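K.L.:
Okay, here's the structure, questions in a sec.
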Amino acid sequence: MDILVIGGGGREHAIIKKLKQSPLCGKIYALPGNGGIAEDAVCVPIAATDIAGIKAFASENHVDFAAVIPDDPLAMGLTDELRAMGIPCFGPSKAAAIIESSKAFSKELMKRYGIPTAPFETFSDYDEAVKHLENHSLPVVIKADGLALGKGVIIANTLDEAKAAVKNMMLDGAFGHSGDRVVIEDFLVGPEISLLVFTDGKSAALMPASMDHKRIGDGDTGKNTGGMGAVAPNPYFTDEVRAETTENIIIPTLEAMKKEGRTFKGCLYFGLMLTKNGVKVIEYNCRFGDPETQAVLPLMESDLLETMLAVEEERLCKAEVRFSDKFSCCLVLASGGYPEKYEKGKEIIFDNFPGNIEVFHAGTKQENGKMLTNGGRVLGLNAVRDTLREAVTACYEAAEHVSFENKYMRNDIGKLALEAID
Ligand code: AMP
Ligand code: GLY
């Protein structure tokens, strides 16, 4: 089967490497892909949001299957358009992708169906939002309703900060129309768990839970990023937590979406927090997480393409979805300055790089035979080992063998998870 993969980050590279292991897999086209993905797939410079361009390419090249990975094309309804052309897809419909593209929708859904989440109110009126803040406990969490590149969540410690965040979103249009509505919610405390679940709308197959490291600085300090590294499995996702999550969150969410006429098929991402009052949903994403996927998929032992087909054909309960019980770490190497201003075009040199480390390219391009940096997150290094400590150590050792100007990484990926295990 010839396959189209939409996207061009580290997550997509991890997906493509796994798809390639399938005996069913023929040619893979990555739109747009990146410098490293070009070693594993045919990269075509069509943007993930260029719906017309993607449709034309898919039809000209007679692709048999498409995997739509990033949030934007999912929110824009690319899977609906491809399915209408007779091309089966992995990824939710536009109607189901709203679970990520509108936080107001997902919060109301949780309220209506009794799915545990932080108490909240939604506002489309600026003055009412400010009035609400004046009586709210601190810290308070303010979220732009729509997609905002992971930057639409502000945790305000003072009333002034909270008011500034609401003004920024609602009046100053910092996130365009994504900030027309805001969600104001209680601040929760506890370890976070990222859980990726394959679902065909009827049944669910859980991947090993993982732990992301969202902040730029060691010890979870500084700005939020797309994610600076991840480990799996997450030690906080014990058998008890798994049972509670399945019963109170996963099954009710799939049923709620079905009842709303928005059956979800694809990879549903549950951003969970383990509070002292039980597991709560912090957010849903309608797609694989990044970098979580770069830690989780290397543990997959069964065939990813088979699973994606089973999801699309709604026969997931009969499919074999199997993961190893080893430990995995993904360490992100970023451009200094990320998530704010950073430079691109720096040459990446691998020197005596260990053979037993997988490299996923996120922001790279090839030029004149050289590999250059081309984004904030540049590479994800992955190690799968018998213990978490070995996986983490192997990633940090490998990082010494990659250089580019202003290379930046966190020094404590996996630390919290290791402390939880010890
Ligand atoms: P989100 O984009 O909704 O995942 O939010 C980004 C990050 O903000 C989450 O991973 C949490 O660390 C934090 N966060 C979001 N909502 C809350 C909340 N209600 N309480 C505490 N932290 C939160
Ligand atoms: N790493 C968080 C996300 O993919 O949204």
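Residue numbering for the sequence shown follows our numbering, beginning at 4 and increasing consecutively. Glycine included, C-beta positions come from ideal geometry on N, C-alpha and C. All figures in this text were calculated on a predicted structure; none of them were measured in a lab.
(1) Starting from Ala59, trace the alpha helix (DSSP H) in both directions and tell me its first and last residue.
(2) Excluding five sequence neighbours on each side, which residues of the same chain lie with their C-beta closer than 6 angstroms to the C-beta of Ile158?
(3) If I follow the unbroken alpha helix (DSSP H) through Ile102, where does it start and stop?
(4) Confirm, please, whether the CB-CB distance from Ala44 to Val8 is below 8 angstroms.
(5) Skipping 5 residues on each side, what residues in its chain have a beta carbon closer than 6 angstroms to that of Ala33?
(6) Is the Cβ-Cβ distance between Val200 and Leu302 less than 8 angstroms?
(7) Using the C-alpha atoms, what's the distance from Ala78 back to Asn359?
(8) From Glu250 to Tyr272, what distance separates their C-alpha atoms?
(9) Please confirm whether Gly13 and Asp293 have their CB atoms less than 8 angstroms apart.
(10) Judging by CA-CA distance, which residue of Ala177, Lys23 and Pro236 is the nearest neighbour of Arg392?
(11) Got a sec? Which residues, its chain only, sit under 7 angstroms from Glu124 by beta carbon, not counting five neighbours each side?
(12) Could you tell me if Ser181 is buried or exposed, where buried requires 16 or more neighbouring beta carbons within 10 angstroms of its beta carbon?
(13) Could you tell me the alpha carbon to alpha carbon distance between Val133 and Glu258, rounded to whole angstroms?
(14) Would you kindly report the start and end of the unbroken beta strand (DSSP E) that includes Leu375?
(15) Could you tell me if the beta carbon of Asp189 falls within a distance shorter than 7 angstroms of some heavy atom in the ligand AMP?
(16) Tell me the residue span of the alpha helix (DSSP H) that contains Ile18.
(17) Thinking just about the alpha-carbon of each residue, which of Tyr399, Ala207, Ala337 and Tyr345 is nearest to the one in Cys320?
(18) Using a strict less-than 7 angstroms threshold between each residue's beta carbon and the heavy atoms of the ligand GLY, what residues do you get?
(19) When every heavy atom of the ligand AMP is checked, does at least one fall within less than 7 angstroms of the C-beta of Ile158?
(20) Considering only residues of the region 187–265, which uninterrupted beta strand (DSSP E) runs meet the minimum length of 3 residues and lie entirely inside it, listed in chain order?
(21) So the beta strand (DSSP E) Arg380 belongs to, where does it begin and stop?
(22) Quick check: the region 359–374 against the region 395–406, are there 3 or more CB pairs under 8 angstroms?
(23) Which same chain residues end up closer than 8 angstroms to Glu304 when comparing Cβ atoms and leaving out the 5 residues on each side of it in sequence?
(24) From this set, Ser127, Ser197, Lys268 and Glu42, which residue's C-alpha is nearest Ala100's C-alpha?
(25) On a Cα-Cα basis, can you pick out the residue from Asn160, Asp242, Glu164 and Gly281 that is closest to Gly193?
(26) Per DSSP, Thr120 is paired with what?
(27) By a C-beta neighbour count over all protein chains shown, 10 Å radius and 16 as the cutoff for buried, is Ala87 buried or exposed?
(28) Can Gly11 and Ala55 be called in contact, C-beta distance under 8 angstroms?
(29) Say the cut is 7 angstroms; is the CB of Val71 nearer than that to a heavy atom of the ligand AMP?
(30) Asp130: buried (16+ other C-beta within 10 angstroms of its C-beta) or exposed?
P.N.:
Quick answer:
(1) Taking the sequence shown and counting its residues from 1, the one referred to as residue 59 is at position 56. It spans Ile54 to Glu63 - the alpha helix (DSSP H) in which Ala59 sits, taken as one unbroken run.
(2) The residue you call residue 158 lines up with position 155 of the sequence shown. Taken in chain order, the residues that qualify are Pro142 and Val144.
(3) In the sequence shown, residue 102 corresponds to position 99, counting from 1. Its alpha helix (DSSP H) spans residues Lys97 to Ser104.
(4) The residue you call residue 8 lines up with position 5 of the sequence shown. The residue you call residue 44 lines up with position 41 of the sequence shown. Against a cut-off of 8 angstroms, the Cβ pair of Ala44 and Val8 comes out as a contact.
(5) Within the sequence shown, residue 33 is the residue found at index 30, counting from 1. Val8, Ile40, Ala44 and Cys46, listed in sequence order.
(6) As a working mapping, residue 200 is identified with position 197 in the sequence shown. As a working mapping, residue 302 is identified with position 299 in the sequence shown. Against a cut-off of 8 angstroms, the Cβ pair of Leu302 and Val200 comes out as no contact.
(7) For the purposes of this step, residue 359 is identified with residue 356 of the sequence shown, where counting begins at 1. For the purposes of this step, residue 78 is identified with residue 75 of the sequence shown, where counting begins at 1. In a straight line, the C-alpha of Asn359 is about 37 angstroms away from that of Ala78.
(8) By 1-based counting over the sequence shown, the position of residue 250 is 247. By 1-based counting over the sequence shown, the position of residue 272 is 269. Rounded to the nearest angstrom, the two C-alpha atoms are 16 angstroms apart.
(9) Your numbering for residue 13 matches position 10 in the sequence shown. Your numbering for residue 293 matches position 290 in the sequence shown. In this structure, Asp293 lies closer than 8 angstroms to Gly13 by Cβ.
(10) Here residue 392 is taken as the residue at index 389 of the sequence shown, counted from 1. Among Ala177, Lys23 and Pro236, the Cα nearest to that of Arg392 belongs to Pro236.
(11) One-based indexing of the sequence shown puts residue 124 at position 121. For Glu124, where only same-chain residues beyond five positions count, the Cβ hits under 7 angstroms are His135 and Ile187.
(12) Taking the first residue of the sequence shown as 1, we reach residue 181 at position 178. Flag for Ser181 reads buried.
(13) Position 130 of the sequence shown, counting from 1, holds the residue named residue 133. Position 255 of the sequence shown, counting from 1, holds the residue named residue 258. Approximately 35 angstroms, taken between the alpha carbons.
(14) Walking along the sequence shown from the start, residue 375 turns up at place 372. Element bounds for Leu375: Lys373 to Thr376.
(15) Within the sequence shown, residue 189 is the residue found at index 186, counting from 1. Yes - the ligand AMP has a heavy atom lying nearer than 7 angstroms to the Cβ of Asp189.
(16) In the sequence shown, the residue the question calls residue 18 occupies position 15. Note, Ile18: alpha helix (DSSP H), Gly13 to Lys23.
(17) Counting from one through the sequence shown, the residue named residue 320 turns up at place 317. If we check each option's Cα against that of Cys320, Ala207 comes out closest.
(18) Gly153, Ser197, Asp215, Lys217, Gly229, Gly230, Tyr272, Asn288, Gly292, Asp293, Pro294 and Glu295
(19) For this step, residue 158 is matched to residue 155 along the sequence shown. The answer is yes for Ile158.
(20) 195–202, 207–209, 218–220, 224–227 and 232–235
(21) Here the question's residue 380 lines up with position 377 in the sequence shown. That run of the beta strand (DSSP E) goes Arg380 to Arg388.
(22) yes
(23) Residue numbering aside, residue 304 sits at position 301 when the sequence shown is read from its first letter. Only Arg325, Phe326 and Ser327 meet the Cβ criterion.
(24) On the sequence shown, position 97 is the one that residue 100 refers to. Of Ser127, Ser197, Lys268 and Glu42, the residue nearest in Cα terms is Lys268.
(25) Numbered from its first residue, the sequence shown carries residue 193 at position 190. Of Asn160, Asp242, Glu164 and Gly281, the residue nearest in Cα terms is Gly281.
(26) Taking the sequence shown and counting its residues from 1, the one referred to as residue 120 is at position 117. Looking at the DSSP assignment, Thr120 forms a beta bridge with Val284.
(27) On the sequence shown, residue 87 is found 84 positions in, with the first residue counted as 1. Burial call: exposed.
(28) Within the sequence shown, the letter at position 8 stands for residue 11. Within the sequence shown, the letter at position 52 stands for residue 55. Against a cut-off of 8 angstroms, the Cβ pair of Ala55 and Gly11 comes out as no contact.
(29) Within the sequence shown, numbered from 1, the residue matching residue 71 stands at position 68. The answer is no for Val71.
(30) Taking the sequence shown and counting its residues from 1, the one referred to as residue 130 is at position 127. It is exposed - the Cβ of Asp130 has fewer than 16 other Cβ atoms within 10 Å.
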